[in-house]
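Take a look at the structure set out below.
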Amino acid sequence: MTTGEARDLPAVIVYGDADAPHTLDVYEDMRCSYCAVVEHELGATMKASADRGTYRIAYHVANFLDRGNEHGGSTNALAALGAAASQSVDQFAALRVALHDYRRQHGTEGLADQDVIRGIVTQAPGVDFLAVGQAINEDRYRAWALTTGPASLAALRAEWEAASLPGRAGTPAAFLDGKAVEVLTEQGDPVSVEEFEVNVAAALK
58 MTTGEARDLP AVIVYGDADA PHTLDVYEDM RCSYCAVVEH ELGATMKASA
108 DRGTYRIAYH VANFLDRGNE HGGSTNALAA LGAAASQSVD QFAALRVALH
158 DYRRQHGTEG LADQDVIRGI VTQAPGVDFL AVGQAINEDR YRAWALTTGP
208 ASLAALRAEW EAASLPGRAG TPAAFLDGKA VEVLTEQGDP VSVEEFEVNV
258 AAALK
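So the working numbering is basically just the index in the sequence shown, starting at one, shifted up by 57.
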């Protein structure tokens, strides 16, 4: 992906080999505490599998936790991710991890503050702060975020229904070629790396 305008940025950001034989669809919201913990526990494992070519990861980032607030933390974070993705997928991936780390350590309220978002961008390794920071200052990707967030939620609901999962669709959620892959236990804790890999292997059969 090369640097471009917001209108050219896809709603789904894909990490990994475009020719990988499988796709892991990951659904999340940057204000979601469970998403942040799952990333902390399983993110590196997911990325390593993508780097090996087992699957590519399609990130669907929603903003439903803002409840319609166009300047809420989910939307601010998503707009920043759009700015990073416009530079490269690797910058998107690095900022995504940094945002989840912030959420896990500091809670959700700070994400509504653009100064906090800029601070996270500054600390994210490999992210071009000048380019991404300028895009944040110009609010260049807010309109993209406001369409991408609902589109991600709609895609989650459709995939949830297609997989015949019980209850209401929610984040975090992962599907491998349309098959649900558990990332949380019934108690709301992340599954272990070993359990996740077993779940992936089962979905690949």
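Think of the CB as a built atom: it goes at the ideal place given N, C-alpha and C, for glycine as much as any other residue.
Going by DSSP, what residue range makes up the alpha helix (DSSP H) through residue i?
{"i": "R214", "result": "R199 to A219"}
{"i": "E127", "result": "E127 -> no alpha helix (DSSP H), and no H or E assigned at all."}
{"i": "L152", "result": "V146 to H163"}
{"i": "E251", "result": "V250 to L261"}
{"i": "A93", "result": "S90 to R109"}
{"i": "A188", "result": "F186 to N194"}
{"i": "G242", "result": "The sequence as given places Thr at residue 242; Gly does not occur at that position. No alpha helix (DSSP H) holds T242; DSSP gives it neither H nor E."}
{"i": "G176", "result": "Q171 to Q180"}
Taking residue i as the reference, which of the options has the closest Cα?
{"i": "M103", "options": "V94, A93 and I114", "result": "I114"}
{"i": "D234", "options": "A151, T111, D158 and P207", "result": "T111"}
{"i": "A119", "options": "E252, A212, G183 and A107", "result": "A212"}
{"i": "H157", "options": "L241, E254 and R88", "result": "R88"}
{"i": "D185", "options": "A151, E195 and E218", "result": "A151"}
{"i": "G183", "options": "Q171, A230 and S145", "result": "S145"}
{"i": "A101", "options": "V250, N256, A75 and Q162", "result": "V250"}
{"i": "A142", "options": "W201, E195 and R109", "result": "W201"}
{"i": "D31", "options": "Q162, D172, A230 and G164", "result": "Because residue 31 is not part of the residues shown, which for the chain are 58 to 262, the question remains open."}
{"i": "R214", "options": "R161, F121, A75 and D172", "result": "F121"}
{"i": "E254", "options": "D76, A105 and A77", "result": "A105"}
How about residue i and residue j: are their beta carbons less than 8 Å apart?
{"i": "T205", "j": "E85", "result": "no"}
{"i": "P247", "j": "L135", "result": "no"}
{"i": "V95", "j": "A137", "result": "no"}
{"i": "S209", "j": "A93", "result": "no"}
{"i": "A169", "j": "G130", "result": "yes"}
{"i": "E216", "j": "F232", "result": "yes"}
{"i": "A181", "j": "A220", "result": "no"}
In angstroms, rounded to a whole number, what distance separates the CA positions of residue i and residue j?
{"i": "A259", "j": "A140", "result": "36 Å"}
{"i": "R124", "j": "D65", "result": "26 Å"}
{"i": "V189", "j": "G73", "result": "22 Å"}
{"i": "I70", "j": "H117", "result": "7 Å"}
{"i": "E239", "j": "G167", "result": "29 Å"}
{"i": "N256", "j": "Q148", "result": "28 Å"}
{"i": "A237", "j": "A226", "result": "12 Å"}
{"i": "G245", "j": "S90", "result": "10 Å"}
{"i": "L241", "j": "H163", "result": "21 Å"}
{"i": "D196", "j": "A77", "result": "34 Å"}
{"i": "L187", "j": "D172", "result": "14 Å"}
{"i": "T60", "j": "I193", "result": "Note on T60: pLDDT 42, under 50, position unreliable in the model; the coordinate value appears next. In a straight line, the C-alpha of T60 is about 15 Å away from that of I193."}
{"i": "Q191", "j": "T165", "result": "23 Å"}
{"i": "P207", "j": "R109", "result": "31 Å"}
Where do the N-terminal and C-terminal ends of the beta strand (DSSP E) with residue i fall, by residue?
{"i": "Y116", "result": "R113 to A119"}
{"i": "D86", "result": "T80 to D86"}
{"i": "V71", "result": "I70 to Y72"}
{"i": "L233", "result": "A230 to L233"}
Give the C-beta separation of residue i and residue j to the nearest angstrom, bearing in mind that I take them to be a contact with Cβ-Cβ under 8 Å.
{"i": "L222", "j": "H79", "result": "Going by Cβ atoms, the distance from L222 to H79 rounds to 19 Å, so no, they are not a contact pair."}
{"i": "R199", "j": "T132", "result": "7 Å"}
{"i": "E127", "j": "L203", "result": "6 Å"}
{"i": "R153", "j": "H97", "result": "Rounded, the Cβ-Cβ distance is 12 Å, inconsistent with contact."}
With 8 Å as the threshold, decide whether the Cβ of residue i is near any Cβ in chain E.
{"i": "A142", "result": "Absent from the structure is chain E; it holds one protein chain and no more."}
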